[in-house]
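Enquirer:
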Amino acid sequence: MPPSTEHGRPDPETTTLALSRDGRPVSDRGDTVCVIGAGASGLTAIKNLTEHGFGVDCYERETGVGGAWNWRHDRSPVYASTHLISSRPFTQFPDFPMPDSWPDYPHHSQLLSYFERYADHFDLRRHIWFGTEVVRVEPVADDRWDVTTRSTGGYGPERTSRYAAVVVANGHNWSPKLPSYEGLAEYRGEVMHASSYKDPAQLRGKRVLVVGAGNTGCDIAVEAAQQASRCWHSTRRGYWYAPKYVLGRPADQVNDLLLMLRVPLRLRQWLYHRTLRLTVGDLTRFGLPKPDHRVYETHPIANSQLVYYVGHGRIAPVPDVARFHGGGVTLTDGREIDPELVVFATGYLPRFEFLDPKVLGDSDASGRPRLWLNAFAPGYPTLAVAGLLQPDSGVFTLSHWQTVLFARLLQARLARPQRAAAFASRVEAGAGERYSGKVKDSSRHWFEVGHADYLRAVQRALDELEAGR
Amino acid sequence: MSATNERVRILRGREWARPVRPVRREVLGAAPELEEGRPPLLFVPGFGHGAWAFAEHWLEHAASRGFPAYAVSLRGHGGSERAPEATLRAYTHDVVQVAAGLPRQAVLVGHGAGALVVSHAMARYPARAAVLAAPVMGGWSTAATALRRNPVGTLPALVGGPLKLHRRQLFSRELPDADARRYAAQLGRVARRAQWQLLAGREAEPAVGRPPVLVLGSPDDRVVPPAALARAARRYGSAPLLFPGMGHDLMLDARWREPIDAILDWLVKEPQRA
Chain E
1 MPPSTEHGRP
11 DPETTTLALS
21 RDGRPVSDRG
31 DTVCVIGAGA
41 SGLTAIKNLT
51 EHGFGVDCYE
61 RETGVGGAWN
71 WRHDRSPVYA
81 STHLISSRPF
91 TQFPDFPMPD
101 SWPDYPHHSQ
111 LLSYFERYAD
121 HFDLRRHIWF
131 GTEVVRVEPV
141 ADDRWDVTTR
151 STGGYGPERT
161 SRYAAVVVAN
171 GHNWSPKLPS
181 YEGLAEYRGE
191 VMHASSYKDP
201 AQLRGKRVLV
211 VGAGNTGCDI
221 AVEAAQQASR
231 CWHSTRRGYW
241 YAPKYVLGRP
251 ADQVNDLLLM
261 LRVPLRLRQW
271 LYHRTLRLTV
281 GDLTRFGLPK
291 PDHRVYETHP
301 IANSQLVYYV
311 GHGRIAPVPD
321 VARFHGGGVT
331 LTDGREIDPE
341 LVVFATGYLP
351 RFEFLDPKVL
361 GDSDASGRPR
371 LWLNAFAPGY
381 PTLAVAGLLQ
391 PDSGVFTLSH
401 WQTVLFARLL
411 QARLARPQRA
421 AAFASRVEAG
431 AGERYSGKVK
441 DSSRHWFEVG
451 HADYLRAVQR
461 ALDELEAGR
Chain H
470 MSATNERVRI
480 LRGREWARPV
490 RPVRREVLGA
500 APELEEGRPP
510 LLFVPGFGHG
520 AWAFAEHWLE
530 HAASRGFPAY
540 AVSLRGHGGS
550 ERAPEATLRA
560 YTHDVVQVAA
570 GLPRQAVLVG
580 HGAGALVVSH
590 AMARYPARAA
600 VLAAPVMGGW
610 STAATALRRN
620 PVGTLPALVG
630 GPLKLHRRQL
640 FSRELPDADA
650 RRYAAQLGRV
660 ARRAQWQLLA
670 GREAEPAVGR
680 PPVLVLGSPD
690 DRVVPPAALA
700 RAARRYGSAP
710 LLFPGMGHDL
720 MLDARWREPI
730 DAILDWLVKE
740 PQRA
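Protein chains in written order, with my numbering: chain E, 1 to 469; chain H, 470 to 743.
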């Protein structure tokens, strides 16, 4: 194994040349691991792999770290007011805390500076090839991988390098999911996906319809309430709008106190409903639909302001859109509204266009990989996906432990192959496992995980892998 | 590392649900004249001591040899905010906060009970390396030694009162009496709960990234008996580096230069992961 101080970049002089299946030259990178993407999950992958003694080449299509959280990146979904949904202890990497002086819910620019400091603190940039995008990732013999890259934008020649393992950390919040509506083409108003929403000035003085009750949809509805001349907020169903603070503390910290005390789900749901009832009150009184599910069954929405603005008449809750027509929108309850601007906060779809969908167990190309721990693909012991999770909490902690587990697995492959083999059969048996209670089925919720359930599963996997060490 | 619990604990519900309350921290530092790319050192004083103990000699000396050097006062100590209810976890939090705030991956150097804090901090921050100087790793044997050497100062601590250290416990006879008195007058008091956790606290979780660890001390230390020193070193798979004739406070004693030079020499050789 190369020492961790080894310079990570491919060096054509010292590598032996192999040939790919179709006869192109491949530079062999030996035991080096390839990481795709230098966002939050990619950075923690580099850090944890180098910490476990592996050489790493990371490819990043942009020119900076931070991925989705870097507002300079053209694929970044953040808007000016983006703040964290989970409070600091749940958001930070478990071995690199955010500063004490930061607020409970930091701003996205603070998060970017956090990732930049993380990269500098652990000297990760020397492993990253910026401005380089991955075109193809192909499995080859001996569980190795050929990774083909080129300059972002398709300039310059492609080059292929062979790696011992690959971590896919390309993020899942950059490819907009746009629902199709009857008559949308005839609609004369402006239409945008939340991914191109950057600043509340885009809403100022307009009649705005916001579609979608995710955290982004609610944030934009609140900004429309402050800036737009009118705001309608269209949701498919009623949701639980959790305040960011309850009982004087960030709500997720209160929730985890109950989790820690192992309070059963039913009781937690009851307590939650009770607390909401006492603090926020009955939402149907504001004209919001009654939730058709119990709390914790959909991705949590943490927004203290939405209900506030509904109560001030600045947001008009409306049901789903039935169809568009030239001058406006017909809702499913038959009502007609006439927005000038429609913002679709309808989410994103994960995409892995450089990888054969079959590798991730997505044989019918439905966009839903079949993995164990949302990370490990059956039959491909040297591949891991990092951060393909929609947790009810911060995702970075989870990516951190995924990549620690993967690094330990790669170590076990070298030192204790029978343990690694046991892990592989575990992946085989457990693929497609879910790590949350009952959730509503939608393309948003298939990779929804409860952070405690998920981390417990990772802990078990780690304990099994390390047993008898 | 036979004695340490090797299981990484992923679920940290208590730490998530009840984060440590932030306090104002005192951090003293000395920068080298020329930036040579050496890792920063973070000195962690033991119970009763503050960052001042390292500012006396070691910070400047480390900086003069090219290492950016910092020392933090644990909450309730030195110039940091008062914290009578502090716990070992709060002290650990203070160290990790300062370490993560440094521009590059830091070397943690703990002295006395600060070494125990460092051993816990290593489970929450991937230190580049760690040094445990005259480590007080806790447990009842620590109390027994203290009781034997300084019964008057120690007894109240065992029944919940404050621990009082005597200057003859801390310094060798080579240190001029005036200096010893001056240092002893600066000693502060430890929070009651942390004091208890020193005796009956939990073993540290495994260190992130298995950093190399150097243990050093003096066979003539009146706080840490040689057996405890050897035990601490064995935990990290090595033997202690010994400086005979010195007292417990290696950084203040008359021959303070020897141990810090040994630490810096060890770091210059760039020790690899355990």
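Using N, Cα and C, we set each Cβ at its ideal position, and we do this for glycine too.
1) Can you confirm whether H7(E), when its beta carbon is compared against all beta carbons of chain H, has any partner nearer than 8 Å?
2) Would you kindly work out how many angstroms separate the C-alpha atoms of T314(E) and L43(E), rounded to a whole number?
3) Taking the alpha carbon of G545(H) as the reference point, which residue from S533(H), R534(H), A559(H) and D730(H) has its own alpha carbon closest?
4) Considering only the alpha carbon of each residue, which of E504(H), F516(H), H526(H) and G519(H) lies closest to L721(H)?
5) Count the CB pairs spanning the segment 400-415 of chain E and the segment 161-174 of chain E that are closer than 8 Å, and state whether there are at least three.
6) Under 8 Å, Cβ to Cβ, is there at least one residue of chain H near L455(E)?
7) Which residues of chain E have a Cβ atom closer than 7 Å to the Cβ of A486(H), listed in chain order?
8) With 8 Å as the threshold, decide whether the Cβ of P572(H) is near any Cβ in chain E.
9) List the endpoints of the continuous alpha helix (DSSP H) containing S151(E).
10) Would you say R671(H) lies against chain E (beta-carbon separation less than 8 Å)?
11) Using DSSP bridges, identify the partner residues of T330(E).
12) What residue ranges within the segment 141-224 of chain E form continuous beta strand (DSSP E) runs of no fewer than 3 residues, ordered along the chain?
13) Does any residue of chain E bring its CB to less than 8 Å from the CB of L543(H)?
14) Please classify H7(E) as buried or exposed, where buried requires at least 16 other C-beta atoms within 10 Å of its C-beta.
15) Buried or exposed for V26(E), going by 16 or more other Cβ atoms inside 10 Å?
16) So, helix, strand or coil for I479(H), using DSSP?
17) What is the rounded straight-line gap between the Cα of K47(E) and the Cα of H108(E)?
18) Between which two residues does the alpha helix (DSSP H) harbouring P695(H) extend?
19) Could you say if the segment 234-253 of chain E and the segment 74-90 of chain E meet the contact criterion of at least three C-beta pairs nearer than 8 Å?
20) Compute the Euclidean distance between the alpha carbons of D11(E) and A141(E), then round it to the nearest angstrom.
21) Consider the Cβ of G535(H): report whether some Cβ of chain E lies at a distance smaller than 8 Å.
22) DSSP beta-bridge partners for Q470(E)?
23) Nearest CA to the CA of V513(H): which residue from V541(H), V489(H) and R487(H)?
24) Within the same chain, show all residues whose beta-carbon is closer than 6 Å to that of G394(E), passing over the 5 residues directly before and after it, in chain order.
25) First and last residue of the beta strand (DSSP E) that includes S542(H)?
26) Give, in chain order, every unbroken run of the beta strand (DSSP E) that is at least 3 residues long and sits entirely within the segment 11-75 of chain E.
27) Tell me whether D146(E) is buried or exposed, calling it buried when 16 or more other Cβ atoms sit within 10 Å of its Cβ.
28) Just to confirm the assignment, what range does the alpha helix (DSSP H) spanning V427(E) have?
29) Select from the segment 565-590 of chain H all residues with a C-beta closer than 8 Å to any C-beta belonging to chain E, and list them in chain order.
30) In the DSSP output, which residue or residues are listed as bridge partners for P681(H)?
31) What does W372(E) touch in chain H if you count any residue whose Cβ is under 9 Å from its own?
32) If distances are taken between C-alpha atoms only, which option among R679(H), Q638(H) and L667(H) comes closest to G629(H)?
33) Assign W609(H) to buried or exposed, taking buried as 16 or more other Cβ atoms, counted over all protein chains shown, within 10 Å of its Cβ.
34) How big is the Cα-Cα spacing for V677(H) and P99(E)?
35) Which one of P103(E), P291(E), C231(E) and P139(E) has the shortest CA to CA distance from H310(E)?
36) Considering only the alpha carbon of each residue, which of G30(E), F324(E), E353(E) and P300(E) lies closest to G470(E)?
Expert: Reading from the atomic positions:
1) Any reading at H7(E) must be qualified, since the residue scores a pLDDT of 46, below 50, and its modelled position is unreliable; no value is offered.
2) The residue you asked about is not Thr; residue 314(E) is Arg in the sequence shown. Approximately 41 Å, taken between the alpha carbons.
3) A559(H)
4) Of the candidates E504(H), F516(H), H526(H) and G519(H), the residue whose Cα lies closest to the Cα of L721(H) is H526(H).
5) yes
6) yes
7) Q253, D256, L257 and M260
8) It does; some Cβ of chain E falls within 8 Å.
9) No alpha helix (DSSP H) holds S151(E); the beta strand (DSSP E) holding it covers R144 to S151.
10) no
11) T330(E) pairs with R323(E) and E336(E).
12) 144-151, 159-163, 165-168, 190-193 and 207-211
13) no
14) Any answer about H7(E) is weak, because its pLDDT of 46 lies below 50 and its placement is not dependable; what the coordinates show is given next. Exposed, by the Cβ-count rule.
15) Buried: at least 16 other Cβ atoms inside 10 Å.
16) coil
17) 22 Å
18) P695 to R704
19) yes
20) At D11(E) the pLDDT is 47, less than 50, meaning the model places this residue with poor confidence; the figure from the coordinates comes in the next sentence. Going by the C-alpha atoms only, they are around 22 Å apart.
21) no
22) Because chain E here runs from 1 to 469, residue 470(E) falls outside it and cannot be looked at.
23) V541(H)
24) Within the same chain, G394(E) has close Cβ partners S86, F90 and T91.
25) A538 to S542
26) Correct list: 17-19, 25-28, 33-36 and 56-60.
27) By the Cβ neighbour-count rule, D146(E) is buried, with 16 or more other Cβ atoms within 10 Å of its own.
28) P417 to G430
29) From the segment 565-590 of chain H, only V565, Q566, A569, G570, L571, P572, R573 and Q574 have a Cβ closer than 8 Å to chain E.
30) In the DSSP output, where bridge partners are listed per residue, P681(H) has none listed.
31) Ordered by position in chain H, no residue passes the 9 Å Cβ test against W372(E), which lies about 17 Å from the chain.
32) L667(H)
33) exposed
34) 19 Å
35) It is Val, not His, that sits at residue 310(E) in the sequence shown. The shortest C-alpha separation from V310(E) is found at C231(E).
36) Within the shown structure, residues of chain E are numbered from 1 to 469, placing residue 470(E) beyond reach of any answer.
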